[in-house]
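Numbering (my numbering), first residue to last: 2 to 171.
Below is one structure, written out as structure tokens, with a few remarks after it.
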Ligand code: SME
């Protein structure tokens with residue numbers, strides 16, 4: 002049984018080093034993209050303070066489709082270029098939003114969300130989806146969180162690299 006260890010540190014770089022180790026242990030030996038996304042979302046939501054949503058959107062037939070997540074029910078489909086998630090796909094880069102009310106086109110799934118971090122999942126065949134984190138606090142996320150979640154994305158992609166479903170998803 003995997004048991005997540007509470008991370009006792011105020012230092013974000015140290016927090017993400019420990020989180021990365023726990024994620025590698027959690028995904029070890031499994032390649033299924035849905036199972037691994039579900040456990041990654043659960044670990045992020047359990048370990049990261051001050052979140053109200055953590056999860057995945059996956060590219061399906063040219064748009065983002067809701068994947069495994071923790072939090073309130075969310076919008077199901079997002080077009081590339083729409084909202085924070087679709088914009089991250091179009092730009093092929095992470096987006097940090099300090100105040101979602103100031104981001105033109107932000108898609109509100111939970112009225113409690115005030116800041117957001119979206120990191121694209123860039124596999125060998127292009128963008129296959131995104132990791133999306135929402136917080137009820139303004140400016141919850143900074144560059145250290147972005148770097149940490151980019152590492153989480155890399156661990157997720159490496160774990161799923163041999164899975165047939167991932168190869169078809171681009
Ligand atoms: N806020 C996102 C939509 C997804 S929810 O936050 C879960 C966006 O603007 O793309």
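Ideal Cβ placement from N, Cα and C applies to all residues, glycine included.
Query	Result
Distance cut-off 6 Å: residue 85 Cβ against heavy atoms of the ligand SME	yes
For residue 79, three-class secondary structure by DSSP	strand
Beta carbon of residue 130 nearer than 7 Å to that of residue 59	yes
Residue 98 versus residue 79: straight-line alpha-carbon distance, rounded	17 Å
Neighbourhood of residue 139 by C-beta, 6 Å cutoff - its chain only, sequence neighbours within 5 removed	100, 115 and 116
Three-state class that DSSP yields for residue 43 in the structure shown	helix
Minimum C-alpha distance to residue 57 - residue among 127, 48 and 120	120
Contacting residues, own chain, Cβ-Cβ under 7 Å from residue 88 (five flanking each side not counted)	82 and 96
Helix, strand or coil at residue 144 [DSSP, three-state]	helix
Continuous alpha helix (DSSP H) stretch holding residue 163: start and end	Run containing residue 163: none; DSSP gives neither H nor E here.
Burial state of residue 145 (16 or more Cβ within 10 Å)	exposed
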